[in-house]
Amino acid sequence: MKVHIFYLVSKMDLSIHQTMRLIAYITAVYILAACDADHSTKEKSTVVNNTNDQIHHHDSLNVNSIIGTYDSSKNAEIEYWIDEDTCSHKWTSQFEDYATLKAYSESLRKQLYQRYIALRGEDSHLFLDSVGHVYGLLIAKEFIPHWLGTGWTYNGHTDIPKEGTVACGYLVSTIFKHSGININRYKLAQQAASNGAKTILGTNRAPNFVRYDAIFDHLNGLPDGLYKVGLNNHTGFLWLENMKAYFLHSTFIGNEGVKIEDVTCSMAFNYSSIFQIVPISNNHFLIKKWLSGNAVRVITQ
Numbered sequence: 000m001k002v003h004i005f006y007l008v009s010k011m012d013l014s015i016h017q018t019m020r021l022i023a024y025i026t027a028v029y030i031l032a033a034c035d036a037d038h039s040t041k042e043k044s045t046v047v048n049n050t051n052d053q054i055h056h057h058d059s060l061n062v063n064s065i066i067g068t069y070d071s072s073k074n075a076e077i078e079y080w081i082d083e084d085t086c087s088h089k090w091t092s093q094f095e096d097y098a099t100l101k102a103y104s105e106s107l108r109k110q111l112y113q114r115y116i117a118l119r120g121e122d123s124h125l126f127l128d129s130v131g132h133v134y135g136l137l138i139a140k141e142f143i144p145h146w147l148g149t150g151w152t153y154n155g156h157t158d159i160p161k162e163g164t165v166a167c168g169y170l171v172s173t174i175f176k177h178s179g180i181n182i183n184r185y186k187l188a189q190q191a192a193s194n195g196a197k198t199i200l201g202t203n204r205a206p207n208f209v210r211y212d213a214i215f216d217h218l219n220g221l222p223d224g225l226y227k228v229g230l231n232n233h234t235g236f237l238w239l240e241n242m243k244a245y246f247l248h249s250t251f252i253g254n255e256g257v258k259i260e261d262v263t264c265s266m267a268f269n270y271s272s273i274f275q276i277v278p279i280s281n282n283h284f285l286i287k288k289w290l291s292g293n294a295v296r297v298i299t300q
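Counted from 1, the sequence shown has number 151 at position 152 by the working numbering; the numbering is strictly sequential.
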């Protein structure tokens, strides 16, 4: 199949993005067709699918100024690894043990909440801005690294990193749950992208979709931080940092599972024709829910 794809590409005058999109689209169609055929003999299951003027920079944020317990500068010292052929990255968590990370996140949440409820007015808004970026860092640089290498299957819903498999929607909902968001991870994972977006924003109106031909310009205009993105039959996190965008997701391509990829060369990202991007770091509704521990209602329609 690769021979036919590259032969086709060699006969066309395409940009890098157009080339990646063509290869990704053909490959995705082939894999999805194989998945459909594999599931055709099984009982049909629930489908798991799925600007702010202040730009925060990872290296300049010192979380010690808020609570004095989590130093994000340690992450900046880690040597990140990239495979030029697959476009994937490996980030290393400061926490060797996943249970310790979950306990730390819960402890930090409670301490930050006590600080938050003592603030009023503009101070509380600025505090939420900073805490939002801290929360984004916890997911992108601490929780996600533990899940790297966990495989993908259509119905995967493991609760334990690197044990069993996890579908794209369950990766998102499970990390929300483990990081301290009070939400039904099963129910959220089974929602369409628009319902997931409304749930995270706490509104009945979902953000507009962005078409593929505008997505990279759109990303360039967003503040640094963590986002949830819904694609054609796929979902994951986006981490924007220093003019770079990374796709944190459980990929169906090759059943590889959880990966961190540069969006410019991620096949799963580039095969999509539409994108629905929802802020997490810069989302006061969700951050207040995280701090307080109050339940997030999953919107189903």
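C-beta: ideal position from N, C-alpha, C; glycine also. As the structure is a prediction and not an experimental result, all values here were calculated from the model.
Simplified DSSP assignment, three categories, for residue i
i, result
"Trp289", "helix"
"Ile238", "As written in the sequence, residue 238 is Trp, which differs from the Ile given in the question. Here Trp238 sits in strand by DSSP."
"Ala139", "helix"
"Ala270", "Residue identity differs from the one stated: residue 270 is Tyr in this sequence, not Ala. Three-state DSSP puts Tyr270 in coil, outside helix and strand."
"Val133", "helix"
"Ser87", "strand"
"Gly163", "coil"
"Gly150", "strand"
"Pro278", "strand"
"Val297", "coil"
"Phe284", "helix"
When the options are compared against residue i, the one with the closest alpha-carbon
i, options, result
"Asn269", "Thr234, Asn241 and Leu127", "Thr234"
"Glu121", "Lys288, Gln300, Ile298 and His283", "His283"
"Tyr169", "Ser265, Ser280, Ala294 and Thr250", "Thr250"
"Tyr245", "Arg296, Tyr226, Ile298 and Gly292", "Tyr226"
"Tyr134", "Ser193, Tyr112, Glu95 and Lys186", "Tyr112"
"Leu125", "Leu107, Asn293, Asn281 and Lys288", "Asn281"
"Gly195", "Asp158, Ile214 and Phe236", "Phe236"
"Ser104", "Ser178, Arg184, Pro206 and Leu118", "Ser178"
"Ile180", "Gln190, His88, Ile298 and Leu285", "Leu285"
"Gln93", "His145, Arg119, Ser87 and Cys86", "His145"
"Asn293", "Lys176, Tyr97 and Ile159", "Lys176"
"Ile252", "Gly150, Gly131 and Asp158", "Gly150"
"Lys197", "Glu95, Tyr115, Val277 and Ala102", "Val277"
"Ser291", "Arg114, Lys101, Pro160 and Asp261", "Arg114"
"Glu95", "Arg119, His132, Leu118 and Pro160", "Pro160"
"Pro306", "Phe215, His156, Asn232 and Ala192", "What is shown of the chain runs 0 to 300, which leaves residue 306 out entirely."
"Phe215", "His88, Asp158, Asp261 and Gln110", "Asp261"
C-alpha gap between residue i and residue j, whole angstroms
i, j, result
"His248", "Ala166", "9 angstroms"
"Gly163", "Val228", "24 angstroms"
"Gly224", "Asp128", "11 angstroms"
"Ile199", "Gly148", "26 angstroms"
"His56", "Leu218", "Low per-residue confidence applies at His56: pLDDT is 29, beneath 50, and the placement is therefore not dependable enough to give any value."
"Lys186", "Val257", "21 angstroms"
"Ile259", "Ser123", "33 angstroms"
"Tyr153", "Met266", "18 angstroms"
"Thr99", "Glu141", "11 angstroms"
"Val295", "Glu255", "30 angstroms"
"Val130", "Tyr97", "21 angstroms"
"Met242", "Gly201", "28 angstroms"
"Cys86", "Ala102", "32 angstroms"
"Ser106", "Ser172", "20 angstroms"
"Lys287", "Ile174", "17 angstroms"
"Tyr211", "Arg119", "41 angstroms"
"Ser271", "Ala213", "12 angstroms"
"Gln110", "Leu136", "17 angstroms"
Enclosing beta strand (DSSP E) for residue i [first to last residue]
i, result
"Ala98", "Segment Tyr97 to Tyr115 is the alpha helix (DSSP H) holding Ala98; no beta strand (DSSP E) there."
"Thr250", "Lys243 to Thr250"
"Leu225", "Gly224 to Leu230"
"Asp158", "Counting along the chain, Asp158 falls outside any beta strand (DSSP E), and DSSP gives it neither H nor E."
"Val257", "Gly256 to Asp261"
Bounding residues of the alpha helix (DSSP H) (the contiguous stretch that carries residue i)
i, result
"Gly168", "Cys167 to Ser178"
"His217", "Tyr211 to Asn219"
"Gly195", "Ala192 to Leu200"
"Leu187", "Arg184 to Ala188"
Proximity below 9 angstroms, CB of residue i to CB of residue j
i, j, result
"Ile143", "Trp90", "yes"
"Arg108", "Trp289", "yes"
"Gln275", "Leu230", "yes"
"Val297", "Asn183", "yes"
"Val209", "Ile273", "yes"
"Thr299", "Gln190", "yes"
"Ala117", "His156", "no"
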